[in-house]
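Protein chains in written order, with our numbering: chain E, 31 to 371; chain U, 91 to 386.
Cβ atoms here follow ideal geometry from the backbone N, Cα and C, with glycine treated the same way.
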């Protein structure tokens, strides 16, 4: 079995165990916190008989392990139950709200990689110069305030005082785009509507940037410090003694060995953005999973809470698997240690 | 007679630091004729390695370094060359071998692409396949069994001795006129170091490569070098043929250095003075070992 396949199988197996654990945990927590979901859903005017009937329908009168058994049975059929908040299947709700959040996070993640890594490389290559200092100040700002603070500041500066970007939402109301994937930037392209694509892309810039700023900062700072360290390694001096051009040394010889810790951090930040996106979405009125998540938690909508948390955990694990595979691809030592174990 | 491969005259080096200027080299002179193996011997901090890096042109890029004197390579004054011309010599006409072969190879690339990079310095158009063939031939010349497998390995999968052979093959791949060996194989164990040094000697003899051999190990120098310069605190203190130096060490520092080598026959670790006024005595040049006249 090729080592990469073995690594993948191993990571998928442990991820499954983690998911089962998360589902038990969130399932229990959602049920032991005070408040009767049936009473909240039906409102103060419902009779005791109506509440009791709903409790029975939701299996809330049974013991916890039995409730969990029902949950697993439904889950195996791809059914996460009905949301008491929207009165629709939880899976339908998630399918509607998740793409907006994913789109935001993917764009923010791309910004993290395409802005953060090059900034770190530049700072390391020209360390001590004005470019290095500029990058370090910029990245320090990025890591020193949470993303929702940046969301408010960016919105005030670039949408309010200087109306360069739209202030809220995913796309102007004047565009009617058929939902195929749920990703507006993709759907607009499928529809062949370039003006709508531009509008959607324009809407995503500020929230994605606010979300990615701390990730950009961390990635750049980590890449810089790792590359500075790599520059002192004998193999860099050897590359210099062979007269390889500085630019090639930076891009080929120093960058790749320095990339591994940065990738790990980017993976973790990517996952952390799932949580931070809640607040950034709130600031920019972004119709994503977070607004849904907050609403269902306030209403103690059990099925929706468990469904939302499970999906976010699954994405977290998926991102981590991807990062692990990338690291194994970049670092031969890890790739070969898999074979030995 | 043709110009020596390397001629260093009155080379001085100082660094500007926060605490003020620090002088590292106080005007050293040495030369290496074509095909000659010359050792530069001294304790750590004596200025051996910086001399090598000035010859390669690496220190000239440091803004804090102040360099005076002349370095001539194959009759050309390095100071008069442009940065680009100086850069073009590196990896082609001169190359270097380092202390620790394993950490001198990049850990995230296999040997083959690293060889390709080195060969591209002399022939930028060389294809991957051609570079691989040439690298395999070079690796079998340094007695690596199964060169194809070595090419597909990472440095951490090969032994230290193997990596040292790879380094030697790389350093000689572009047929340089000058090979600088900065304490080669100090990180290896003694038997492997001896094997690879013997191999390196055979290789440079075959290719008529001049060698600047930097070491603190006098036993190794005796076996390897034709002529020896002893350096102490940035000054050359004795210049002799290898035979002459070991038969008749004349400078107090050289004698201290020779007595510092622990004997395998016992007698404990020899005691020598760390610092002595005697070590600052003027240069001793043995008969027939003078510096050539500078180019007028």
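- For residue 146/U, the chain E residues whose C-beta falls within less than 7 Å of its own C-beta are 271, listed in chain order.
- Contacts with chain E at 8 Å (Cβ-Cβ) include residue 186/U.
- Nearest C-alpha to residue 238/U among 184/U, 226/U and 95/U: 226/U.
- In the DSSP assignment, residue 184/U falls within the beta strand (DSSP E) that extends over 184-187.
- In the structure shown, residue 351/U adopts coil according to DSSP, grouped into three states.
- With respect to residue 315/U, residue 129/U sits close: the two C-beta atoms are nearer than 8 Å.
- Against chain E, the CB of residue 205/U has no partner CB under 8 Å away; the residue lies outside that interface.
- The same chain holds no residue with a CB closer than 6 Å to that of residue 152/U once the five nearest residues on each side in sequence are set aside.
- Under the DSSP assignment, residue 175/U falls in the alpha helix (DSSP H) whose first and last residues are 173-179.
- Within the segment 204-284 of chain U, the complete beta strand (DSSP E) segments at least 3 residues long are 268-272, listed from N- to C-terminus.
- Counting along the chain, the unbroken beta strand (DSSP E) around residue 325/U starts and ends at 325-331.
- In the DSSP assignment, residue 160/U is bridged to 99/U.
- Residue 137/E and residue 287/E have their C-alpha atoms roughly 26 Å apart.
- Counting only residues of its own chain and dropping the five nearest sequence neighbours on each side, residue 65/E has a CB closer than 8 Å to the CB of 330.
- About 15 Å separates the CB atoms of residue 332/U and residue 351/U; that is not less than 8 Å, and the two are not in contact.
- Distance from the CA of residue 96/E to the CA of residue 111/E, rounded to the nearest whole angstrom, comes to 16 Å.
- Residue 355/U sits exposed, since fewer than 16 C-beta atoms from the chains shown fall within 10 Å of its C-beta.
- The beta carbon of residue 182/U sits closer than 8 Å to those of 211, 212, 264 and 266, all from its chain and outside the five residues before and after it, given in chain order.
- For the pair residue 300/E and residue 139/E, the CB atoms are nearer than the 8 Å cut-off.
- For the 8 Å CB-CB criterion, residue 261/E and residue 154/E form a contact.
- Annotation for residue 137/U: 103, 114, 115, 118, 321, 323 and 324 place their beta carbon closer than 8 Å to its own, counting only its chain and skipping 5 residues before and after.
- By the CB criterion at 8 Å, residue 216/U and residue 209/U fall inside the cutoff.
- Straight-line measurement puts the Cα of residue 147/E at about 32 Å from the Cα of residue 186/U.
- Interface annotation for the segment 243-263 of chain U against chain E: 244 and 246, criterion Cβ-Cβ distance under 7 Å.
- Close partners of residue 198/U in chain E (Cβ separation under 7 Å): 286, 287, 360, 361 and 362.
- Measuring C-alpha to C-alpha distances from residue 290/E to each of 311/E, 252/E, 327/E and 263/E identifies 252/E as the nearest.
- Among the CB atoms of chain U, one or more fall inside 8 Å of the CB of residue 264/E.
- Residue 172/U has a beta carbon lying at 8 Å or more from every beta carbon in chain E.
- Residue environment: residue 228/U is assigned as buried (16 or more neighbouring CB atoms within 10 Å of its CB, all protein chains considered).
- In chain order, 188 and 194 make up the part of chain U whose C-beta sits under 7 Å from the C-beta of residue 268/E.
- In the three-state reduction of the DSSP assignment, residue 137/E falls in the helix class, which pools H, G and I.
- Counting C-beta pairs closer than 8 Å gives fewer than three between the segment 281-297 of chain U and the segment 105-114 of chain U, which falls short of the contact rule.
- The beta carbon of residue 269/E is closer than 6 Å to those of 279 and 283 in its chain, skipping five residues each way along the sequence.
- Below the 7 Å Cβ cutoff, chain E contributes 273 as neighbours of residue 177/U, in chain order.
- Against chain E, the beta carbon of residue 181/U has neighbours under 8 Å at 271, 272, 273 and 274, listed in chain order.
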